[in-house]
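Structure first, then comments.
Residue numbers (our numbering), protein chains in the order written: chain A, 539 to 652; chain B, 59 to 301; chain C, 82 to 159.
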């Protein structure tokens, strides 16, 4: 039980290190995506420990899983894809303006122009 | 410079890991009060036997309205950046010219694999998306899931060159999106004029009519999400499918 | 079974951050989405599994491929 939590913690750290230390903008956005996915995994894992069956009401079910984190994670997944789409559009716009995807080169080209 | 950078990254990661480590190492049990309440009362109060649907379409409808609004804002922002991509260039820097969109003859067939998959599977996925959207109150599915599958089906129809429908026309899709978004806002906010509060079912005693509200909400959310995602992806592909 | 899927997701995520060709890292991201959708279905959450499969392996991959088509495809880091 604690091994799964430690693996999710390692995915979180991987996404975070990708966000702050990679020089390519697309890899930073991939790190942001991994960060969001790891938290969704953590919530669904915690919600599945208190029951045996899927949360559908029927005559034969007796012990259902907690449905509240699942409803929260639906919203979280949709908002994750919204942030990814908007940030990728901004990355393409930066490439068209400065000609490179490397943040050090972008920074010095934007400083030379202003 | 290299050693200092590695040290800074390590220090930041070490500090950030303190924000999530208490959840990893905690021993307390998950509370079961909410699950027991929903097990007893979810079907009587909202009419849906899918408890996840009864939460985000029954008890917490305002969160779903906010999420639809966030999706709308994100797609509007992406489209506005998309349509102005070729405007200004920094002085004196050679940018690599982007590929012009879809530069091929209009009646040229693609490879056989893509053509078969796109044109023959497209209508089947469309039907499956409508099924997932309409049965959200009894089986897994609902508005968002059905909407995204609908968007994938419309993208399949736009990828093929054999099928010519009006469903890939951007004007038709945006008109459907406007009508469904307007009726979603009207349906969720008309209860301000009633004394029962925000979203109570009109007919809770009659179990046939109380699931109608959830079906109507699912249809509107699904149509809005599906058509707006399809408009954005068709604009990314070049936007030339006006039959 | 959960531990196996989670360790596969961890290996794929490390690979997708250190790949030289950006198309390889996008395919790894799509594989992470499919594996976590399978994990959600095993953990008794079918609604979240359908959403993750449709969104992660569908719409998100399309948007990434569009982004690298209009910029560079190789990541030549020194």
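Glycine included, each C-beta is placed from N, C-alpha and C at the ideal position.
Bear in mind that the values here come from a model prediction, so they are computed numbers and not experimental data.
- Query: Would a check of beta-carbon distances place residue 142 of chain C closer than 8 Å to chain B?
  - Reply: Answer no: the Cβ-Cβ gap between residue 142 of chain C and chain B never drops below 8 Å.
- In angstroms with no decimal places, state the Cα-to-Cα distance between residue 158 of chain B and residue 123 of chain B. Low confidence applies to residue 158 of chain B: its pLDDT is 48, below 50, so where it sits in the model is not reliable enough to give any reading.
- Item | As assigned by DSSP and simplified to three states, the class of residue 566 of chain A | Three-state result, residue 566 of chain A: helix.
- Message: For residue 575 of chain A, would you say it is in contact with chain B, using Cβ-to-Cβ distances shorter than 8 Å as the test?
- Response: It does not: the Cβ of residue 575 of chain A has no partner Cβ on chain B nearer than 8 Å.
- Can you name the residues of chain C whose CB is closer than 7 Å to the CB of residue 648 of chain A? Correct list: empty, because the minimum Cβ distance to chain C is about 17 Å.
- Message: Give the list of continuous alpha helix (DSSP H) stretches no shorter than 4 residues that lie fully inside the stretch 61-114 of chain B.
- Response: As summarised for the stretch 61-114 of chain B, the continuous alpha helix (DSSP H) elements at least 4 residues long and confined to that stretch are 91-104, 109-112, given in chain order.
- Message: Which residue wins for smallest C-alpha separation from residue 140 of chain C, given the options A:623, A:602, A:573, A:631?
- Response: If we check each option's Cα against that of residue 140 of chain C, A:623 comes out closest.
- Is residue 71 of chain B close to chain C, meaning its C-beta is less than 8 Å from at least one C-beta of that chain? No, no contact with chain C.
- Query: Shorter than 8 Å from the beta carbon of residue 636 of chain A to some beta carbon of chain C?
  - Reply: No, because no Cβ of chain C sits closer than 8 Å to the Cβ of residue 636 of chain A.
- Item | Inter-residue spacing [alpha-carbon to alpha-carbon] between residue 590 of chain A and residue 123 of chain C | C-alpha separation (whole angstroms): 11 Å.
- Query: Quick one: is residue 99 of chain B buried, meaning 16 or more other Cβ sit within 10 Å of its Cβ, or exposed?
  - Reply: Counting Cβ neighbours within 10 Å, residue 99 of chain B comes out exposed, since fewer than 16 surround it.
- Please look up how many angstroms separate the CB atoms of residue 278 of chain B and residue 242 of chain B, rounded, as I've assumed it's under 8 Å. Contact between residue 278 of chain B and residue 242 of chain B is confirmed by a C-beta separation of about 4 Å, below the 8 Å threshold.
- Report the rounded CA-to-CA distance for residue 121 of chain B versus residue 283 of chain B, giving the unit in angstroms. Distance between the alpha carbons of residue 121 of chain B and residue 283 of chain B is about 15 Å.
- Message: Tell me the residue span of the alpha helix (DSSP H) that contains residue 289 of chain B.
- Response: In this chain, the alpha helix (DSSP H) harbouring residue 289 of chain B covers 270-294.
- Task: Rounded to whole angstroms, what's the CA-CA distance from residue 125 of chain C to residue 116 of chain C? Just pull it up for me.
- Result: Taken atom to atom, the span from the alpha-carbon of residue 125 of chain C to that of residue 116 of chain C is near 15 Å.
- When Cβ atoms are compared, which residues of the stretch 598-622 of chain A fall closer than 7 Å to chain B? Under the 7 Å Cβ criterion, the stretch 598-622 of chain A contributes 602, 604, 605, 606, 608, 609, 612, 613, 616, 617, 620.
- Where does residue 121 of chain B fall in DSSP's three states? Residue 121 of chain B: helix per DSSP, three-state reduction.
- Message: Taking the beta carbon of residue 208 of chain B as the centre, do at least 16 other beta carbons fall within 10 Å, making it buried, or is it exposed?
- Response: Within a 10 Å sphere around the beta-carbon of residue 208 of chain B sit 16 or more other beta-carbons, which makes this residue buried.
- Any contact of the stretch 593-609 of chain A with the stretch 105-117 of chain B, i.e. 3+ C-beta pairs under 8 Å? Verdict: yes, contact present.
- Taking Cβ to Cβ, would you say residue 580 of chain A is nearer than 8 Å to residue 94 of chain C? No. Outside cutoff.
- Between residue 112 of chain C and residue 106 of chain C, what straight-line distance do the alpha-carbon atoms span, to the nearest angstrom? Each residue's alpha carbon lies about 10 Å from the other.
- Item | Beta-bridge partners of residue 102 of chain C, as assigned by DSSP | Bridge partners of residue 102 of chain C according to DSSP: C:155.
- Could you tell me whether the Cβ of residue 552 of chain A comes closer than 8 Å to any Cβ of chain C? Closer than 8 Å to some Cβ of chain C, the Cβ of residue 552 of chain A qualifies, so yes.
- Task: Give, in chain order, every residue of the stretch 90-106 of chain C whose Cβ lies closer than 8 Å to some Cβ of chain A.
- Result: So the close ones are 90, 91, 94, 95, 97, 98, 103, 106.
- Task: Specify the secondary structure class of residue 128 of chain C as computed by DSSP and reduced to three states.
- Result: Note: residue 128 of chain C maps to helix in three-state DSSP.
- For the alpha helix (DSSP H) containing residue 203 of chain B, list its first residue and its last residue. Element bounds for residue 203 of chain B: 201-217.
- Using a C-beta to C-beta distance shorter than 8 Å, which residues of chain B count as neighbours of residue 627 of chain A? Within 8 Å Cβ-Cβ: 135, 136, 139, 140.
- Query: Does the beta-carbon of residue 84 of chain B have 16 or more other beta-carbons within 10 angstroms, so that it is buried, or is it exposed?
  - Reply: By the neighbour-count rule (16 or more Cβ atoms within 10 Å), residue 84 of chain B is not buried but exposed.
- Taking the Cβ atom as the reference point for each residue, do residue 206 of chain B and residue 287 of chain B lie within a distance shorter than 8 Å? With contacts defined by Cβ atoms closer than 8 Å, residue 206 of chain B and residue 287 of chain B form a contacting pair.
- Query: Among all the DSSP beta bridges, which residues are the ones paired with residue 121 of chain C?
  - Reply: Residue 121 of chain C has no beta-bridge partner at all, per DSSP.
- Whole-Å CB distance - residue 548 of chain A paired with residue 128 of chain C, under 8 Å assumed: The pair is not a contact, with the Cβ atoms about 27 Å apart (cut-off 8 Å).
- Query: For residue 110 of chain C, which residues from the same chain have a beta carbon less than 6 Å from its beta carbon, with the 5 sequence-adjacent residues on both sides left out?
  - Reply: Same-chain partners within the cutoff: 97.
- Helix, strand or coil for residue 600 of chain A, going by three-state DSSP, please let me know. The answer is coil: DSSP assigns residue 600 of chain A none of H, G, I, E or B.
- Message: Taking a contact to mean a Cβ-Cβ separation below 8 Å, would you say residue 303 of chain B touches residue 140 of chain B in this structure?
- Response: Since the first residue shown for chain B is 59 and the last is 301, residue 303 of chain B is missing from the structure and cannot be characterised.
- Rounded to whole angstroms, what's the CA-CA distance from residue 77 of chain B to residue 551 of chain A? Just pull it up for me. Straight-line Cα distance between these residues: approximately 11 Å.
- In chain C, which residues lie less than 7 Å from residue 198 of chain B when you measure between Cβ atoms? For residue 198 of chain B, the neighbours in chain C by C-beta distance under 7 Å run, in chain order, 127, 128, 131.
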